[in-house]
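Contents: one structure, followed by commentary.
Number of protein chains: 2
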Amino acid sequence: MEFSSKLLENAVNEMSQLPGIGKRTALRLVLHLLKQPKEQSQKLAGSLVKMRENINFCANCHNISDTKLCEICANPRRDEQLVCVVEDIRDVMAIENTSQYRGHYHVLGGKISPMDGIGPGDLTVPSLVEKVKAGSVRELIFALSSTMEGDTTNFYIYKQIEPYNITTTTIARGISVGDELEYADEVTLGRSILHRIPFESSLKNS
Amino acid sequence: MEFSSKLLENAVNEMSQLPGIGKRTALRLVLHLLKQPKEQSQKLAGSLVKMRENINFCANCHNISDTKLCEICANPRRDEQLVCVVEDIRDVMAIENTSQYRGHYHVLGGKISPMDGIGPGDLTVPSLVEKVKAGSVRELIFALSSTMEGDTTNFYIYKQIEPYNITTTTIARGISVGDELEYADEVTLGRSILHRIPFESSLKNS
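Just so you know, the protein sequences line up as chains V and B, in that order. The opening residue of the first sequence carries number 1 in full-length UniProt numbering; numbering runs sequentially from there. The opening residue of the second sequence carries number 1 in full-length UniProt numbering; numbering runs sequentially from there.
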């Protein structure tokens with residue numbers, strides 16, 4: 001792509017550094033900003049810099065938070081002995097949306113992935129292990145995505161905390177509510193039969 | 001979407017003002033920036049603000065340019081009497097890419113669209129009419145997209161410059177090179193038969 005303006009080219013190049021944004025999309029977004037009042041570009045730019053500079057992570061669960069402790073960790077009515085291990089804030093938001101969970105979280109900030117050079121030390125794994133060691137966790141729920149990296153991470157953490165004898169569980173994998181059996185993939189369907197639950201339990205939450 | 005951080009929420013809200021970027025995508029982009037060094041957010045923000053504040057439009061063709069006259073208008077080897085009317089800089093870039101055009105451009109900055117409240121005065125139509133009036137155009141090539149708004153804009157300009165007796169042409173519509181006839185839409189195929197050209201001419205450029 002050849003640009004008639006260095007300013008435009010810079011903006012497009014920076015924009016296309018974002019994941020999933022190619023040069024064409026970046027140009028479309030940048031031209032849109034050009035048609036809008038200056039204030040919009042300033043507000044966008046300001047909000048990004050302000051966020052990046054001042055962002056804070058909860059001292060307990062490492063979730064993004066504007067306060068030292070996030071709202072969830074600061075809430076005395078939530079069970080702090082029950083800890084759900086997730087990858088990032090999006091998973092926290094998704095689980096919170098269900099209104100089915102009243103425990104705490106532990107946000108890892110990623111998954112162990114030797115291919116991408118991400119080891120346990122790059123994540124918040126050590127602080128999770130410390131928490132377990134200190135005896136402040138009764139049950140740990142693994143809620144990472146079930147990919148190879150997710151399974152590796154689960155297993156690594158499991159091995160680290162094994163000596164401390166706490167309950168470890170993992171979220172149920174199975175057929176989505178409302179999905180037709182015939183379209184489910186074999187692995188999921190297989191797991192859902194293997195880990196079947198008493199029929200009466202299925203009546204509790206609908 | 002409920003956010004645990006006002007800073008994060010602001011950034012996501014601003015990002016999702018961009019066309020085609022929903023809240024989920026905005027969150028993904030913003031979380032990506034959080035994982036990158038601060039410099040990346042600063043450079044992105046800086047490039048957007050700098051572009052929006054200092055952007056300049058060519059005094060002659062209204063294309064985005066860092067100089068008073070854009071490179072095309074400043075090039076003495078290009079035919080300034082031949083003017084191609086386009087919507088925005090993306091069309092200029094696309095036509096320049098073909099290396100088939102040696103004239104000037106006139107960038108309208110949009111199309112006439114009463115539905116969106118865009119009239120000829122919001123575009124650079126008046127300055128184009130002035131240019132024709134001053135006798136500095138021999139041929140005007142309409143190269144707007146063939147939508148209702150494009151056709152309306154073409155026709156409006158055509159009516160304005162009709163008294164000045166210059167040549168007006170429009171880019172050829174037809175079957176794309178390499179496309180199969182059976183998959184072409186009827187309107188395009190119909191036009192391509194109606195506006196057929198001598199076979200010898202088709203041999204000139206390939």
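Heads up, the beta-carbon is just placed ideally off N, CA and C, and yes, glycines get one too. Nothing here was measured: the structure is a model prediction, and the numbers come from that model.
Just tell me which of the options has its CA closest to the CA of residue i.
{"i": "Thr170/B", "options": "Asp122/B, Ile141/B and His195/B", "result": "Ile141/B"}
{"i": "Lys50/B", "options": "Asn13/V, Cys58/V, Ser146/V and Ser41/V", "result": "Ser41/V"}
{"i": "Lys38/B", "options": "Ala45/V, Glu39/V, His32/V and Leu33/V", "result": "Ala45/V"}
{"i": "residue 215/V", "options": "Gln160/V, Ser146/V, Phe155/V and Asn56/V", "result": "Residue coverage of chain V in this structure runs from 1 to 206, which leaves residue 215/V outside it and unanswerable."}
{"i": "Arg24/B", "options": "Leu34/B, Leu33/B and Asn13/B", "result": "Asn13/B"}
{"i": "Lys43/V", "options": "Ser65/B, Ala74/B and Glu9/B", "result": "Glu9/B"}
{"i": "Gly22/B", "options": "Thr124/B, Met1/B and Ile64/B", "result": "Met1/B"}
{"i": "Ile55/V", "options": "Leu34/B, Asp122/B and Glu180/B", "result": "Leu34/B"}
{"i": "Ser145/B", "options": "Gly121/B, Arg90/B and Tyr183/B", "result": "Arg90/B"}
{"i": "Thr168/V", "options": "Asp185/V, Ser65/V, Cys84/V and Lys6/V", "result": "Cys84/V"}
{"i": "Tyr158/V", "options": "Glu182/V, Val187/V, Pro126/V and Asp185/V", "result": "Pro126/V"}
{"i": "Thr67/V", "options": "Ser4/B, Glu53/B and Gly20/B", "result": "Ser4/B"}
{"i": "Pro19/B", "options": "His32/V, Leu7/V, Gln17/V and Ser16/V", "result": "His32/V"}
{"i": "Ser16/B", "options": "Leu7/V, Gln17/V, Phe155/V and Ser47/V", "result": "Ser47/V"}
{"i": "Tyr156/V", "options": "Cys70/V, Asn97/V and Gly121/V", "result": "Gly121/V"}
Using a Cβ-Cβ cutoff of less than 7 Å, which residues in the same chain neighbour residue i once the five nearest sequence positions on both sides are dropped?
{"i": "Ala11/B", "result": "Val30"}
{"i": "Glu149/V", "result": "Lys111, Ile112 and Ser113"}
{"i": "Phe199/V", "result": "none"}
{"i": "Leu27/V", "result": "Val12"}
{"i": "residue 214/B", "result": "This structure leaves residue 214/B out entirely; chain B is present only between 1 and 206."}
{"i": "Leu203/B", "result": "none"}
Helix, strand or coil for residue i per DSSP?
{"i": "Ser47/V", "result": "helix"}
{"i": "Phe155/V", "result": "helix"}
{"i": "Leu144/B", "result": "coil"}
{"i": "Val86/V", "result": "strand"}
{"i": "Phe199/V", "result": "helix"}
{"i": "residue 229/V", "result": "Given a span of 1 to 206 for chain V in the structure shown, any question on residue 229/V remains unanswerable."}
{"i": "residue 212/B", "result": "As shown, chain B starts at 1 and ends at 206. That puts residue 212/B outside it, with no answer to give."}
{"i": "Thr98/V", "result": "helix"}
{"i": "Thr67/V", "result": "coil"}
{"i": "Glu180/B", "result": "coil"}
{"i": "Ser113/V", "result": "strand"}
{"i": "Ile55/B", "result": "coil"}
{"i": "Ile21/V", "result": "coil"}
{"i": "Ile118/B", "result": "strand"}
{"i": "Asn10/B", "result": "helix"}
{"i": "Gln42/B", "result": "helix"}
For residue i, which beta-bridge partners are listed by DSSP?
{"i": "Asp79/V", "result": "Gly103/V"}
{"i": "Thr170/V", "result": "Phe142/V"}
Leaving aside the five residues before and after residue i along the sequence, list all residues of the same chain whose C-beta is less than 6 Å from its C-beta, in chain order.
{"i": "Leu128/B", "result": "His106"}
{"i": "Asp151/B", "result": "none"}
{"i": "Tyr183/B", "result": "none"}
{"i": "Thr124/B", "result": "His62, Leu108 and Gly109"}
Who are the near neighbours of residue i in its chain, counting only those whose CB is closer than 8 Å to its CB and skipping five residues on each side?
{"i": "Asp88/V", "result": "Val107, Leu108, Gly109 and Gly110"}
{"i": "Met93/V", "result": "none"}
{"i": "Ile95/B", "result": "Cys84, Val86, Tyr101, Tyr105 and Ala143"}
Cβ of residue i less than 7 Å from any chain A Cβ?
{"i": "Glu9/V", "result": "Among the chains of the structure shown, chain A does not appear; the protein chains present are V and B."}
| task | Evaluate the contact criterion for the region 158-171 of chain B versus the region 189-205 of chain B: three or more CB pairs, one atom per stretch, below 8 Å. | result | no
| said: Three or more C-beta pairs under 8 Å: does that hold for the region 95-103 of chain B against the region 74-82 of chain B? | reply: yes
| task | Determine contact between the region 80-89 of chain V and the region 126-142 of chain V, defined as no fewer than three beta-carbon pairs at a distance below 8 Å. | result | yes
| said: Pairs of beta-carbons, one from the region 113-120 of chain B and one from the region 171-180 of chain B, closer than 8 Å: are there three or more? | reply: no
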